Amino acid sequence: MSAFASPSVEIETPEAGSAPRGLFAWVATVDHKRIGILYLLTALVFFIVGGVEALLMRIQLARPNNTFLSPGAFNQIFTMHGTTMIFLVVMPTLFGLANYLVPLMIGARDMAFPRLNAMSYWLLPFGGLLLHFSLLAGGAPAVGWFSYAPLSETQYASTHGVDYWVLALLILGVGSVATSINLIATILTLRAPGLTIRRLPLFVWMIFVNSFLVILAIPALNAAIVMLFIDRNLSTYFFSPTHGGSALLWQHFFWAFGHPEVYIMALPAFGIISEVVPVFARRPIFGYEFVAASTVAIALLSFGVWAHHMFAVGMGHPIDLFFAASSMLIAVPTGVKVFAWSATMWGGSIRLTTAMLFAVAFLIQFTIGGLSGVTFAVVPIDWQVTDTYYLVAHFHYVLFGGTFFAVFAGLYYWFPKMTGRMLSERLGKLNFWMALIGFNTAFFVQHFLGLMGMTRRIYTYPDLPGWGLLNLISTIGAFLLGAAVLVLLWNIVVSLRHGQPAGDNPWQAWTLEWAATSPPPAQNFDRVPPIRSRRPLWDLAHPERPDPEVGGPTSRDEFALEKNRVSMVTFLISEGAFFVMLILAYLYYNNHTMDGPTPASTLNAKKTGVFTLCLLASSLTIWLAERKLEARKPAAFRWLLALTILLGAVFILGQGQEYLHVFHAGVMVNSNLFATTFFTLTGFHGLHVCVGLVALLIVMGLSLAGDFKQGRIEAAKSIGLYWHFVDAVWLVVFSVIYLRLLL
Amino acid sequence: MTTEQFLLSAWNWNPWVIAVCVATFLTYGVRYQARFSRKICWLLAGLVVFFLTLASPMDALADGYLFTAHMLQHLLLLLVVPPLILLSLPPATMPGRFQKERWKWLTWMVRHPAVTWCLGVGGMWLWHAPTLCNAAVTNGWIHRLQYVSLLLMGFAFWWPILGPWSRQRLSPLAGIVYLFSACLGCTILGIILTFAPVEVCSIYLHPIDRLGILPLVQNQWGLTPAKDQQLGGLLMWVPACLIYFCGIIGLLARWYGQANDEAPVYESQPNATLIGETHVH
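Given below as structure tokens:
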């Protein structure tokens, strides 16, 4: 443990626990560092799987009219490659780095909820295995990573591949949202004394912003795939145009998730670059405020541009126009970042370590990918090149040339901290140059292929002039890239055993994680150095010329927050986004007359109105119950809680009775789109009421067992918050479905 | 009628609008003895937008012809005029008389931005209920009520962000959440207006051609009722969100730009517990 000469600050002591040993210790761990490493290792395994899939496709495409893969196999492989790389490689890698680094960088002992953290991780291998299990169950999904309906409906995708895809993505989505809630709670509540939000390392800031993107965007995907799953397994027609469904709605839902997802995969990479570039340029980041603010700008704008993925669908000129404009706008904050990184390097004394080389390559390649991205915002160009290899080249420049190069930079930068040993620079340089040449050879020529008209997702192509040669070049590049990854693996294996010992701070970096030993002890820190600026370790090493103090000595940028409350609020934001999608689907499908049952002919609005009053009353009773708890009156609290549970149960029984009534009228979930959306919306709400009832019963049990006596009532208040949320959602659902019948 | 003729002739020199503009300007001048400063530019901008909203041909178009023009008016009154005028007010501390018991509800409202949020976003939704939307076009008094209420709700909404009592403002991070959630609120309404095959303001589907400009609007400008509603929805969706977005950028700039010594100490929330006070097993 490092000792600090200057006055250092005590941080909270964790609760003691017994430590299992050996392999079991890794399985049973709740330590954020081990979980972070598990994330990274799992992602590495899937990276190899996804990489092999990519190479198989490149072999097939190496020459015209090739027969190496059958068309069916090719479809399965590109679907699996996309899904694997996005959900099982990029996101877990970034979550793994965030998990490992965020607590260290903010001077915390662990994440806010270590057990939740372990659950988030274990959902990853589970989801990954479930996705790959489809191979044994009749074939992998073969409909592309965005599963466009109606191709993904049962008529066209009759094996269970898409079902496994849906289930895997749901599980992975739950894990991602849980991690993000955890990260938000950690960053908001566990920062070391003095580390105000204005002093946060940029990596932490970007993870913080990114976590909000995750909790808002993933529910859109979850809602869409739940509907697809219902379509496939209950024979309904959300996305089947043959029965009044809308394939277009799938695209809107998917891209409402899909575009923020692009930034979910990019923002943490920006964070890595914002840490690596200053350290190796020996200058503090240029324009910290601009980089931080542009992150928020990107995150917000990313929710308003999704329709640019759909220009070719034919949404009409007004819509195209607005989305072209907003899509171009998003290039501005991204450009601000690129300028800030370049300006940081300008005039710095740059050390071209492997990490820095990858960061510089990131800058150039990401800019290329970004510029080709701007061309897609121009609607006529988009019509011309969408779904060609030009697009494939574009997003690989963003995701591989961008995100992956940033991850490699981060790996070379933080590996010494994680293991206590340096990665070999000699192998690192080899790794870098092979990756650089391989990547650009593989993907740059694809721009030309796309402009020449080669569409993506074709399993082979005729022998047109130039096509065979360019494809062969691309394949050679891909194999060079594969070899570069092997060098990286070899470097990791060798360096783990024989690498040079790293010491606490091999790069003379400035953020808190370098104040811990390498690797850090289980508790991370005993004491953290005083934090007055954005570079606490610089201040420590250079007391004669410290950074100017940020925000003043007594500055408090934000309210003191309680972690249970923070996590419940963020969870409810995520839940809210899910219900918004379901409600929008209901509104979308029920605004025109259709055959079959209608709300007026099937629903009993008056009776449901009475049950609604019960539910609303239960919000009042639980609020009163909390007041009693604050006043230390446990008996009164329990009576009011029991009343709340009773009212909730009455509501859910009322709903059950309504369902029975509807069933008796012969209305089933697949009767028509009204029935489908009605059952989906009210069903999910009913499920939430049931979960709320269980949670309230647990609170009741805890109270009976004598908990909450010392005034530690945040758990009870959080459940109360959830209950209010469930009631509020019902109020909206009731207005949307029933109110029209009463008026 | 050509576009040019229409743009020149369709001005509505409403004495009330002019009176409000002049009165506000004079009051401001007397109250703050303002020299020509940046603050007064905000005020002038706000008054010009206010005047253009209610007196320019936009008003004539909004009067039964174009849903888009109506939406533009709506957005300007709710999202542009109030923040511009609030920006023109110099920072001040809350006057002592407001701290008395009698005015407690006012501080409560500012402290609980949920109220002002609901006013701001609710205003948007409320006036797009089909009956109210139609009534506002057909009945002059409801029309005026709509303008006034939009302005008032706009002021209420922006008060916790831009109000002159800087100590009572929302903290920057909370402000970002406040504005972003409002953006989501109007995005959802915008999406419904853009995509849903509903007639929100059926009056705009069959305009009564009082000024004889219907052929101009529908044929020359190409704004058929279907396109019109779509454009209106998109206005509410994209540009409206960009206004909130500018607010967020402004908050960030203010936050990061605060000099070290003037960093405000925000009053802590009654519900928040200090870190370290609670441990849940």
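Which chain is which? The protein sequence lines are A and B, in order. In terms of our numbering, the first sequence is residues 1 to 743. In terms of our numbering, the second sequence is residues 1001 to 1281. Think of the CB as a built atom: it goes at the ideal place given N, C-alpha and C, for glycine as much as any other residue. Bear in mind that the values here come from a model prediction, so they are computed numbers and not experimental data.
| query | result |
| --- | --- |
| Between the CA atoms of Gly-144(A) and Phe-203(A) - distance to the nearest angstrom | 32 Å |
| CA nearest to the CA of Val-90(A), picked from Ile-645(A), Thr-154(A), Leu-451(A), Pro-268(A) | Pro-268(A) |
| Whole-angstrom C-beta distance between Ala-409(A) and Ile-273(A), which should lie under 8 Å | 7 Å |
| Any alpha helix (DSSP H) of 4 or more consecutive residues that is wholly inside the stretch 88–119 of chain A | 91–105 |
| Burial state of Gly-730(A) (16 or more Cβ within 10 Å) | For the sequence presented, residue 730(A) should be read as Trp rather than Gly. By the neighbour-count rule (16 or more Cβ atoms within 10 Å), Trp-730(A) is buried. |
| Chain A contact for Ala-1253(B) (CB, 8 Å cutoff) | yes |
| Beta-carbon proximity of Asn-117(A) to Val-177(A), cut-off 8 Å | no |
| CB contact check: Ser-326(A) to chain B, cutoff 8 Å | yes |
| Boundaries (first-last residue) of the alpha helix (DSSP H) holding Asn-222(A) | 202–234 |
| Rounded C-alpha distance that separates Ile-225(A) from Phe-725(A) | 23 Å |
| Partner residues on chain A for Thr-1194(B), Cβ-Cβ distance less than 8 Å | Ile-319 |
| Neighbouring residues, chain A, relative to Cys-1241(B) (Cβ below 7 Å) | Gly-304 |
| Buried or exposed by the 16-neighbour rule on C-beta atoms within 10 Å, applied to Trp-346(A) | exposed |
| Three-state secondary structure (DSSP) of Thr-593(A) | coil |
| Of the listed residues Val-733(A), Leu-673(A), Arg-638(A), nearest to Ser-240(A) (C-alpha basis) | Leu-673(A) |
| Cβ contact check for the stretch 1146–1166 of chain B and the stretch 1070–1085 of chain B: 3 or more pairs under 8 Å | yes |
| Heavy atom of the ligand GDP within 7 Å of Leu-234(A) beta-carbon | Looking at this structure, you won't find the ligand GDP or any other ligand, since it has none at all. |
| Residues near Ile-372(A) in its chain [Cβ-Cβ closer than 6 Å; skip 5 each side] | It is Ser, not Ile, that sits at residue 372(A) in the sequence shown. Only His-394 meet the Cβ criterion. |
| Any C-beta of chain A under 8 Å from that of Tyr-1065(B) | no |
| Member of Trp-433(A), Val-407(A), Met-310(A) whose CA lies at the smallest distance from the CA of Pro-380(A) | Met-310(A) |
| Any C-beta of chain A under 8 Å from that of Gln-1146(B) | no |
| Interface flag, Tyr-1256(B) vs chain A, CB-CB below 8 Å | yes |
| Phe-322(A): contacting residues in chain B (beta-carbon distance under 7 Å) | Leu-1234, Val-1238 |
| Boundaries of the alpha helix (DSSP H) in which Arg-534(A) is found, first to last residue | Run containing Arg-534(A): none; DSSP gives neither H nor E here. |
| Environment of Pro-553(A) [buried if 16+ CB atoms lie within 10 Å] | At Pro-553(A), the pLDDT of 45 sits below 50, so the modelled position is not reliable; the number obtained from the coordinates is stated separately. Burial call: exposed. |
| Thr-29(A) (DSSP reduced to helix, strand or coil) | coil |
| Under 8 Å between C-beta atoms of Leu-228(A) and Pro-260(A) | no |
| Close Cβ partners of Ala-1136(B) (< 6 Å) along its chain, the five nearest in sequence each way excluded | Ile-1142, His-1143, Gln-1146 |
| Contacts that Ile-197(A) makes with chain B (C-beta to C-beta distance below 8 Å) | Leu-1173 |
| Cβ pair Phe-734(A), Thr-612(A) closer than 8 Å | yes |
| Cβ of Glu-261(A) within 8 Å of any chain C Cβ | Any reference to chain C falls outside this structure, whose protein chains are A and B. |
| Limits of the unbroken alpha helix (DSSP H) element including Thr-84(A) | That residue, Thr-84(A), is in no alpha helix (DSSP H); it is neither H nor E in DSSP. |
| Close beta carbons around His-447(A), own chain, < 6 Å, minus the five adjacent residues each side | Tyr-390, Ala-393 |
| Cβ neighbours of Ile-737(A) in the same chain (closer than 8 Å, five flanking residues each side left out) | Tyr-586, Pro-599, Leu-603, Phe-678, Leu-681, Thr-682 |
| Paired residues, beta bridge with Thr-386(A) - DSSP | Thr-386(A) pairs with nothing; no bridge assigned. |
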